[in-house]
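Residue numbers (our numbering), protein chains in the order written: chain A, 8 to 165; chain B, 10 to 436; chain C, 135 to 787. All C-beta atoms, glycine included, are put in the ideal place defined by N, C-alpha and C. Treat the numbers as computed from the prediction; the structure is a model and nothing was measured.
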Amino acid sequence: MVLHPQETAEIVARYPLRRSAVLPLLWRAQERIGYVSDAAIGEVAAAAGVPASEVSSVVTFYTMFRRFAPPARRLQVCRSLACAMAGADALVARLRSLPGCGSEFAVETVECLAACDRAVAGLYNEGLVGPLSMAGAASLLRDGGGVAAPVQTGGERG
Amino acid sequence: MIMRLLTDGIGEADLADIGVYRARGGYRAAEKAVKTMTPAEVSAEVVAANLRGRGGAGFPAGRKWSFLPNDGRARYLCVNGDESEPGSYSNRMLIEKSPHLLVEGVICSCYAFGCNFAVIYLRGEFYEGARILEKALAEAAAAGLVGEHILGSEYSLKVLVHRGAGAYICGEESALLESIEGKRGHPRVRPPFPAVAGLYGMPTVVNNVETICNVPGIVNNGGAWFAGIGSPKSPGTKVCSVSGHVRRPGNYELVMGTPLRELIEEHAGGIRDGHQLKMILPAGASSAAMTPDKLDTLLDFDAMAAAGSMLGSAGMIVCDETTCAVQVALIGERFYAHESCGKCTPCREGTKWVEKVLVRLEAGEGRIQDVDLLKSLVGQIGGGKCLCPLGDFAVTYLGSALRLFEDEFIAHAQGHTCSRIPEVVSA
Amino acid sequence: MISCTIDGRTVSVEPGTLLVEAARQAGINVPVYCYHPKLAPAGACRMCLVEIEKMPKLQTACTTTVSEGMVVRTTTDQVKAARKGVLELLLINHPLDCPICDKGGECDLQDFTLHYGPPASRFLEEKIQRRKHTDIPPFLVLDEERCILCQRCVRFEDEVVGERNLVLIDRGGAMVIGPQGRSDYPGYFAGNNTELCPVGALTSKSYRFKARPWDLQHTDTICTQCSLHCNVRADTRHGDLMRLMSRDNPEVDGGWLCDRGRYAIGDARSEARLTQPLLHGEPVSWDVALAEVQKALEAGPVAGLGGGRLSNEAARAFREICGTVDWRVGRQVHATVPGVPEAKPSDLDEADVVVLVDTCVAEEAPVLDLRIRHHKRVIDVGPVPGMRVGEAERILCRPDGVADALATIDLKGASHPVVIWNGRGELVAAIQALGAPVLMVHEVANARGAHDAGLEVDGDILAAAAAGKIHTLWLAGVNVPVPEVAVLIVSELYPTEVTKRASIVLPVAGPFERAGTFTNLGGLTQQAVAVIKPLALSDLQIFQRLKPAAQPAKDLPARQPLRVGNLVARPTLYGGQGNTRFDPTLEPVRPTTPVVIVHPSRGLAPGTRVVINDQLEAVVAVHADVHPDVVVVPDRLAAGLGPQAALAAVIPA
């Protein structure tokens with residue numbers, strides 16, 4: 008079992024209709040094993056009372072659900088307008104040429120992370136990071152350096 | 010003019026702590042509403058405030074609530090925190106920095122229209138926001154502010170955080186409802202509108218995070234007070250996100266009706282050194298570009314529309330003269346092609362096609378016919394031809410750029426290429 | 135009624151009518167892809183954009199309901215440009231290979247492009263390449279490149295079938311349709327998707343490249359695979375049956391066909407068919423065979439068994455010839471429940487409560503099941519679950535406890551209850567006590583017709599035969615173990631266990647080779663039409679050439695009630711009832727090894743090979759929702775254990 012039955016029951020019970028538990032249960036499965044496995048899809052389908060094929064279809068719609076376990080260190084670089092204007096594409100290209108990319112760490116692109124004041128912004132595993140420099144990003148991917156500090160807040164104070 | 014109704018205390022105090030929030034007067038509105046006002050009285054204040062939806066459409070929240078049919082069915086509130094429009098990042102700040110304001114807004118709003126179940130939908134990428142909001146909800150529950158018999162009253166309210174998982178389209182209200190129902194985020198056919206048949210087919214209100222955050226202030230100070238702030242037809246404040254080629258990118262809460270020039274030149278510090286403004290995309294990547302001659306436009310729903318663009322969620326992307334209008338179009342279209350849900354033909358097929366043409370054009374491999382082709386595709390995708398607004402969003406900037414900067418498109422079609430965007434140099 | 139004006143023509147329609155339907159009523163065709171009258175509006179393809187007065191933007195006719203005084207235009211330049219625009223977008227990634235596409239000639243994309251489309255494409259980019267002719271066993275082939283993502287199939291699977299055997303995969307420009315998480319289509323309704331598909335994306339393996347639409351002749355007839363009698367259009371080419379298409383009859387099928395009905399049409403082409411009469415195993419002429427039959431009819435007591443597969447006319451003739459005839463040779467003993475109203479299939483749409491009395495509709499009359507699976511309240515009584523899809527309130531009981539379980543149901547609060555029963559066992563009184571309309575599901579296609587034609591006798595013909603009281607026994611289209619008799623006549627399509635023993639074998643015309651009326655489970659009598667050349671005389675023609683028996687069998691021993699034990703015999707759709715077990719088209723779905731279902735408490739692992747009553751080998755399936763005592767055996771297998779078999783001992787092989 009990927010999901011814990013008691014926790015599953017608790018999540019299902021939160022909603023007026025149990026099919027609403029599909030996304031939260033998929034998230035829970037991904038937190039547990041790093042990705043959404045076929046077994047997890049079956050468990051989610053059974054718990055939420057929808058066909059497994061439909062859960063599977065839902066998984067392919069949302070970009071954050073993974074069907075394979077990712078490397079331990081994973082940087083998702085925003086490539087939307089503000090970040091692209093700040094050089095996101097070139098940054099991604101250079102990071103992808105680093106040795107170990109794909110095996111030890113992953114460099115992916117994402118669309119706008121709602122951190123445009125920190126262009127180039129990124130998600131390092133689950134933490135928002137930015138502005139990203141080549142050196143800073145490379146250091147993150149090497150050993151996770153620099154993420155211990157909490158998320159920087161940009162010019163929010165006004 | 011800066012006026013901090015929603016952002017008050019952000020950056021100064023840890024408002025995510027319920028003790029701090031309460032010490033600064035937090036949850037007074039919830040107490041006032043639940044203990045001393047009838048639901049109809051709260052609704053009346055929100056109607057009087059003329060609080061217009063901050064998600065972009067600007068539809069008055071009080072009127073939206075009044076559309077709920079009085080047929081005894083359960084009603085739901087879904088708070089749209091799917092903030093995904095490139096350029097917008099004010100909701101994330103409110104969620105992370107002042108989560109209790111949002112929770113209090115949810116309590117006041119739900120009480121006003123008789124709702125006992127609210128879902129705050131956060132985009133999946135807001136890991137931090139979800140943790141902070143979950144903690145805030147737990148604190149509020151422990152303090153008897155949400156859950157059964159709020160503040161000892163007969164009123165009960167359940168509030169859930171529901172996370173998306175990577176889909177811009179879920180910011181569209183009917184796609185958001187589908188996503189809460191555990192489905193692919195495909196927009197629904199409308200009518201019926203959510204007020205009549207929303208979540209699980211029940212009457213549902215969908216309001217943006219910032220809209221809901223305005224409700225406690227209205228309850229505390231009255232609708233008339235709110236209606237007196239800023240532009241008469243767009244009262245209140247708007248948290249504007251500024252990014253791009255400005256000295257001080259950030260969120261700035263301004264009184265509605267503040268000139269765009271003040272935001273860009275004063276608060277955001279003006280264009281970076283040695284450069285001049287070329288254009289602003291005032292409501293993110295989906296808005297028509299505004300050229301420097303429009304800088305004196307007032308920031309409110311009507312004035313921005315009159316100036317040929319929109320206030321939207323006020324995610325201002327500022328571009329200086331080094332920016333290539335074709336490149337911006339390509340980056341934007343790449344986004345929309347990636348985020349099209351695929352349900353309807355023009356958006357699914359059209360955004361991909363436009364992206365492919367722009368890739369060629371940007372690389373100097375276009376043909377002169379491509380400019381007319383792009384204009385034609387803007388018409389084939391835009392103008393309300395798609396099932397949901399994403400189709401229009403996908404070609405709004407492009408359409409404006411083809412008008413304002415046609416020469417750049419022609420130059421690219423004739424083989425010109427712009428210098429590549431420089432690599433990141435910031436620390 | 136409200137009226138609107140479309141292209142200058144005023145039309146009155148029911149309130150709530152969609153604009154696209156109002157236009158059709160006015161004789162105006164608005165092109166559509168995603169819209170289908172049986173599915174909820176999707177507004178997805180954007181092909182049906184029209185101009186409506188007082189609306190600034192074009193609107194989709196498939197999602198707009200008509201309002202009083204609405205003025206609509208469907209032929210303006212703006213509308214034409216929009217259609218052209220959508221078609222251009224649909225075609226950019228669509229292969230332009232109509233001459234080699236199986237849908238050519240009946241493809242909406244081809245047709246609309248001709249009528250409304252752009253003369254040429256401005257698309258210079260590379261087309262997206264996708265998977266071509268992917269096999270979706272058992273019946274479908276998918277061409278992803280031809281799919282225009284109208285989503286009719288996935289909506290059908292969701293809204294009608296409720297199984298989601300086809301879903302959307304990925305999103306945006308990468309989106310495709312297909313089975314997800316598996317490669318096949320496990321349901322019973324795959325073929326409907328080929329009819330819903332407006333292009334050549336989903337096609338039937340059995341029809342692909344067999345014919346061009348303009349070469350086909352269409353004949354309206356009915357399917358007689360089960361007792362529902364879905365309406366079909368038989369498409370023939372040069373006298374060969376190529377395919378069946380649905381023909382919407384809201385009272386019967388609602389426009390859908392099951393895959394057995396649609397695809398089990400191999401009779402006409404089967405090499406295995408009997409085509410010549412046999413006398414003691416030797417081929418003889420019809421004249422010789424019929425003379426022998428006539429002699430046997432006059433030589434002693436005569437009885438006939440079967441008739442549930444015959445047309446009403448043939449059934450009446452069978453009774454006239456043999457005198458003593460009973461259609462009930464299987465487990466069904468009742469064709470009707472007297473004293474309560476008879477329900478029709480369409481009554482299920484209005485029903486607020488459906489009671490399944492030890493009956494699995496999905497296996498016995500699949501298309502009828504589509505009217506049940508979305509029901510809010512289904513009460514499912516019996517030792518085996520009756521619902522293949524959808525939720526039900528289960529009243530689990532022992533096989534001998536069904537009547538007692540029914541007694542616990544109170545339908546007084548229900549406004550439109552319907553009880554469904556397959557006529558097996560002695561439950562008439564218990565069902566009468568429910569006081570609700572009853573819909574019978576029969577184990578043979580024209581059981582109701584045979585019942586109405588009086589093909590029932592009080593006694594037991596087989597017992598009479600065993601007691602030596604019958605000289606000539608005629609089996610009409612049935613295959614059951616029979617005692618020794620002086621003359622055994624079998625009229626059949628295929629060689630079976632009993633034809634091998636028969637004195638006289640008479641081949642008969644197949645289902646699409648004979649005309650006649652058939653009465654369905656709702657009491658509706660419809661006409662079947664001969665669409666292809668017969669390989670033998672029809673049953674009716676045979677009877678018409680004979681004179682009635684001199685002495686119909688009399689003084690039959692009393693019919694023993696069916697013994698009830700732990701053995702539960704169940705019909706299964708592809709389990710080989712009747713002639714489908716010979717149909718080559720069904721080869722891929724025919725179970726190779728019989729499956730028996732038992733409760734987990736028996737401790738048998740799924741897939742265990744077992745022997746039942748020292749006679750029959752089977753494979754075990756385990757289901758928590760069957761009664762712990764029972765062994766569920768497919769009908770045909772149970773028949774091999776004898777009609778009175780009631781006990782099953784399961785021993786691992």
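Taken through DSSP and simplified to helix, strand or coil, Arg143(C) comes out as strand.
Annotation: Met313(B) is outside any beta strand (DSSP E); the continuous alpha helix (DSSP H) that includes it extends over Phe310 to Ala315. In the three-state reduction of the DSSP assignment, Thr306(B) falls in the coil class.
Between Ala76(A) and chain C, the shortest Cβ-Cβ separation is not below 8 angstroms. Residues of the same chain with a CB within less than 6 angstroms of the CB of Ile377(B), apart from the 5 flanking positions on each side, are Ala422 in chain order. Close to Cys364(C), with beta-carbon spacing below 7 angstroms, lies no residue of chain B; the smallest spacing is near 30 angstroms. With respect to the 8 angstroms criterion, Val155(B) and Val112(B) are classified as neighbours on the basis of their beta carbons. The beta-bridge partner set that DSSP reports for Val436(C) consists of Thr606(C) and Pro686(C). Here the region 423-437 of chain C makes contact with the region 675-688 of chain C; the two share three or more CB pairs at distances below 8 angstroms. For Glu61(A), the chain C residues whose Cβ falls inside 7 angstroms of its Cβ are Arg298 and Val301, in order along the chain. Using a CB distance below 8 angstroms, the part of the region 9-34 of chain A facing chain B consists of Arg21, Tyr22, Pro23, Leu24, Arg26, Ser27, Ala28, Val29, Leu30, Pro31, Leu33 and Trp34, ordered along the chain.
Taken atom to atom, the span from the alpha-carbon of Leu407(B) to that of Cys328(B) is near 15 angstroms.
The Cβ-Cβ distance between Gly321(B) and Ala277(B) does not fall below 8 angstroms.
By DSSP's assignment, Leu166(B) forms a beta bridge with Gly156(B). For the region 260-327 of chain C, the full-length beta strand (DSSP E) segments reaching 3 residues or more read 268-270, 274-276, 301-303 and 310-312 along the chain. Interface residue (Cβ-Cβ distance to chain A less than 8 angstroms): Arg289(C) is not classified as such.
For Thr337(C), the enclosing beta strand (DSSP E) covers residues Leu336 to Ser338.
In the DSSP assignment, no residue is bridged to Val665(C). At least one CB atom of chain C sits nearer than 8 angstroms to the CB of Gln389(B). Here DSSP, grouped into helix, strand and coil, assigns Cys328(B) to strand. For Asp304(C), a Cβ of chain A is located within less than 8 angstroms of the residue's own Cβ.
In the three-state reduction of the DSSP assignment, Lys287(B) falls in the strand class, which pools E and B.
Under the three-state reduction of DSSP, Arg412(B) is assigned to helix. DSSP places Tyr341(C) outside any alpha helix (DSSP H), giving it a letter other than H or E.
Counting along the chain, Leu573(C) sits inside the beta strand (DSSP E) bounded by residues Val572 to Met574. Exclusion of the five residues before and after Gly373(C) leaves Ile666 and Lys667 as the residues of its chain whose Cβ lies within less than 7 angstroms of its Cβ.
Interface annotation for the region 242-263 of chain C against chain B: Arg256, Phe257 and Glu259, criterion Cβ-Cβ distance under 7 angstroms.
Counting along the chain, the unbroken alpha helix (DSSP H) around Tyr136(B) starts and ends at Tyr136 to Ala151. Using a Cβ-Cβ cut-off of 8 angstroms, Pro641(C) does not count as an interface residue toward chain B, since no Cβ of chain B sits closer than that to its own.
With respect to the 8 angstroms criterion, Ala670(C) and Val639(C) are not classified as neighbours on the basis of their beta carbons. When CB distances to chain A are screened at a threshold of 9 angstroms, the residues of the region 313-332 of chain C falling below it are Pro313, Gln314, Gly315 and Arg316, in chain order. Under the DSSP assignment, Lys247(B) falls in the beta strand (DSSP E) whose first and last residues are Thr246 to Gly253. The beta carbon of Arg582(C) lies closer than 8 angstroms to those of Ser361, Ala469, Thr470, Met574, His576, Thr653, Asn654, Leu655 and Gly657 in the same chain, with the five residues before and after it left out. Residues of chain C with a Cβ closer than 8 angstroms to the Cβ of Val404(B) do not exist, since the nearest Cβ in that chain sits about 12 angstroms away.
For Asn217(B), the enclosing beta strand (DSSP E) starts and ends at Thr213 to Asn217. Secondary structure remark: continuous beta strand (DSSP E) runs of at least 3 residues inside the region 419-507 of chain C, in chain order: 435-440 and 487-491.
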